[in-house]
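To start, the structure under review is shown below, and the notes come after it.
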Amino acid sequence: MVSKKWITAWLILNFLIFWFVGLASSGYSLEGYMPGQSEKIDLYTPIVYTAPNDRPVGILYMVDYDGVLYYYIVWEDEYFSNSLIDKLYRFFRGLVYGGATQDIEVVKVNPENGTFYFQTYEHTDVNGKLLENGSCLWVDENQIVPNCTVNGTHINVYVVTWNHMLSLIPAEGTERAVLPMKHMNPNDYVALGMFRRTQKTIAGVAVNSLLLAVVATLAFNGLMYIAWRKGYLTKEGQRKVRNEIRDGWRKLKERLKKRSK
Numbered sequence: 001m002v003s004k005k006w007i008t009a010w011l012i013l014n015f016l017i018f019w020f021v022g023l024a025s026s027g028y029s030l031e032g033y034m035p036g037q038s039e040k041i042d043l044y045t046p047i048v049y050t051a052p053n054d055r056p057v058g059i060l061y062m063v064d065y066d067g068v069l070y071y072y073i074v075w076e077d078e079y080f081s082n083s084l085i086d087k088l089y090r091f092f093r094g095l096v097y098g099g100a101t102q103d104i105e106v107v108k109v110n111p112e113n114g115t116f117y118f119q120t121y122e123h124t125d126v127n128g129k130l131l132e133n134g135s136c137l138w139v140d141e142n143q144i145v146p147n148c149t150v151n152g153t154h155i156n157v158y159v160v161t162w163n164h165m166l167s168l169i170p171a172e173g174t175e176r177a178v179l180p181m182k183h184m185n186p187n188d189y190v191a192l193g194m195f196r197r198t199q200k201t202i203a204g205v206a207v208n209s210l211l212l213a214v215v216a217t218l219a220f221n222g223l224m225y226i227a228w229r230k231g232y233l234t235k236e237g238q239r240k241v242r243n244e245i246r247d248g249w250r251k252l253k254e255r256l257k258k259r260s261k
């Protein structure tokens with residue numbers, strides 16, 4: 001009969017191993033923080049149009065060593081229409097992002113060649129290029145979007161989904177939001193779980209990290225099963241193992257004594 005303490009330990013270890021592996025594999029380091037600065041940061045700030053009841057709280061920016069500008073539009077959270085799913089979704093986001101439930105969407109602009117990037121419906125990439133006449137070339141669709149900028153540099157982006165995916169195409173019911181902007185400091189980067197966000201989407205984090213967690217948990221349970229089959233988890237089995245260890249240690253000491261003589 002397996003003792004209650006082993007059953008309790010087994011349950012606790014299953015929980016700890018699953019979540020530790022899942023969350024640790026998502027990334028906890030500060031790797032990816034870009035401390036650069038640029039005189040062009042104000043020149044290329046995106047102009048955000050969103051529903052009046054779902055405004056972002058502001059924009060944080062970073063600049064990489066090549067002068068590429070990253071604008072992170074920050075919302076307090078995402079809100080799904082179903083309250084139960086919304087609570088579960090927020091709980092899961094908090095686990096994945098280390099407690100941070102803010103929603104962040106990035107607009108990336110390279111002033112050197114006029115290219116830009118963000119994500120639209122279903123996390124589909126939008127790659128574009130700023131044109132001199134104020135229009136944009138939507139490269140992925142090979143489509144010209146007229147009047148998509150202000151002064152040829154400030155991209156107009158429209159929030160088109162509940163989880164704040166963006167579009168170049170004007171969306172009904174949105175209005176311009178004037179947002180404060182500041183440089184993202186290391187404290188912001190850590191607090192918002194930016195390493196995980198910048199490496200993968202939440203779907204990628206979930207699939208890869210939880211897959212590793214499942215593998216680690218199955219491996220642990222396989223070892224526990226082998227130990228159970230061999231009787232190591234019963235009191236009698238544990239007593240046998242202890243006796244074998246003591247006998248082995250005693251025999252080793254006897255051999256060492258004989259060699260020292």
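Mapping of the sequence shown onto my numbering: position 119 corresponds to residue 119, and the numbering continues sequentially without gaps.
All residues carry an ideal CB built from backbone N, CA and C; glycine is no exception.
Checklist entry - Is the Cβ-Cβ distance between Y121 and T161 less than 9 angstroms? => result The residue given as residue 121 occupies position 121 in the sequence shown. The residue given as residue 161 occupies position 161 in the sequence shown. Result yes, Cβ atoms of Y121 and T161 sit closer than 9 angstroms.
Next on the checklist: Can you tell me whether N156 is buried or exposed? The criterion is at least 16 other CB atoms within 10 Å of its CB, across all chains shown.
Outcome noted: Translated into positions along the sequence shown, residue 156 becomes position 156. With 16 or more Cβ atoms within 10 Å of its Cβ, N156 is classed as buried.
Item to check | Three-state class that DSSP yields for V57 in the structure shown | outcome: Here residue 57 refers to the residue found at position 57 of the sequence shown. Correct three-state label for V57: coil.
Item to check | Minimum C-alpha distance to T45 - residue among N53, K235, V63 | outcome: By one-based count along the sequence shown, residue 45 stands at place 45. For the residues N53, K235, V63, the minimum Cα distance to T45 belongs to V63.
Item to check | Those residues which DSSP pairs with P35 across a bridge | outcome: Translated into positions along the sequence shown, residue 35 becomes position 35. V63.
Item to check | Close Cβ partners of A177 (< 8 angstroms) along its chain, the five nearest in sequence each way excluded | outcome: The sequence position of residue 177 within the sequence shown is 177, counting from 1. Result list for A177: V48, Y49, T50, R55, P56, in chain order.
Next on the checklist: Measuring alpha carbon to alpha carbon, tell me which residue in G128, N187, I12 is nearest L168.
Outcome noted: Start at 1 with the first residue of the sequence shown, and residue 168 comes out as number 168. Closest option to L168, Cα to Cα, is G128.
Checklist entry - Any chance the stretch 136–144 sits against the stretch 10–18, with 3 or more Cβ pairs inside 8 angstroms? => result no
Checklist entry - Which of helix, strand or coil does DSSP assign to W10? => result Against the sequence shown, residue 10 aligns to sequence position 10. Note: W10 maps to helix in three-state DSSP.
Checklist entry - Relative to the alpha-carbon of N113, which residue among T124, L137, I104 has its alpha-carbon at the smallest distance? => result Position 113 of the sequence shown holds residue 113. Nearest option by C-alpha distance: L137.
Checklist entry - From K4 to K253, what does the alpha carbon distance come to, in whole angstroms? => result Taking the sequence shown and counting its residues from 1, one reaches residue 4 at position 4. Taking the sequence shown and counting its residues from 1, one reaches residue 253 at position 253. Going from the Cα of K4 to the Cα of K253 covers about 35 angstroms.
Item to check | Supposed contact pair Y65 and I41 - C-beta distance, whole angstroms, cut 8 angstroms | outcome: On the sequence shown, residue 41 is found 41 positions in, with the first residue counted as 1. On the sequence shown, residue 65 is found 65 positions in, with the first residue counted as 1. With a Cβ gap of about 15 angstroms, I41 and Y65 do not count as contacting.
Checklist entry - Nearest to E172 by CA position, among V109, P111, E132, V159, is which residue? => result As a working note, residue 172 is residue 172 in the sequence shown. Comparing Cα positions, the closest option is V159.
Checklist entry - For E39, which of P52, I59, G67, G58 has the nearest alpha-carbon? => result By one-based count along the sequence shown, residue 39 stands at place 39. Considering only alpha carbons, the answer is G67.
Checklist entry - So, M184 versus M194, is the Cβ gap smaller than 9 angstroms? => result In the sequence shown, the residue the question calls residue 184 occupies position 184. In the sequence shown, the residue the question calls residue 194 occupies position 194. Yes, these two residues count as a Cβ contact at 9 angstroms.
Checklist entry - L16 by DSSP, collapsed to three states: which one? => result As a first step, residue 16 is located in the sequence shown; it is residue number 16 there, counting from the start. The answer is helix: DSSP assigns L16 an H, G or I state.
Checklist entry - Can you tell me whether L166 is buried or exposed, with buried defined as 16 or more other CB within 10 angstroms of its CB? => result By one-based count along the sequence shown, residue 166 stands at place 166. It is buried - the Cβ of L166 has at least 16 other Cβ atoms within 10 Å.
Checklist entry - Residues in its own chain within less than 8 angstroms of G237 by CB, not counting five upstream and five downstream? => result The residue labelled residue 237 in the question sits at position 237 within the sequence shown. K230, G231.
Next on the checklist: Please state whether the Cβ-Cβ distance between N163 and D103 is less than 9 angstroms.
Outcome noted: Locating residue 163 in the sequence shown gives position 163, where the first residue counts as 1. Locating residue 103 in the sequence shown gives position 103, where the first residue counts as 1. Yes, the Cβ-Cβ distance between N163 and D103 is below 9 angstroms.
Next on the checklist: When you compare the CB positions of V109 and L69, do they come within less than 9 angstroms of one another, or not?
Outcome noted: Counted from its first residue, the sequence shown places residue 109 at position 109. Counted from its first residue, the sequence shown places residue 69 at position 69. Cβ atoms of V109 and L69: closer than 9 angstroms.
Checklist entry - If you check the beta carbons only, do I73 and V21 fall under 9 angstroms apart? => result Within the sequence shown, the letter at position 73 stands for residue 73. Within the sequence shown, the letter at position 21 stands for residue 21. Result no, Cβ atoms of I73 and V21 do not sit closer than 9 angstroms.
Checklist entry - With DSSP run on the structure shown, which of helix, strand or coil describes H164? => result Within the sequence shown, residue 164 is the residue found at index 164, counting from 1. Residue state, collapsed to three classes: coil.
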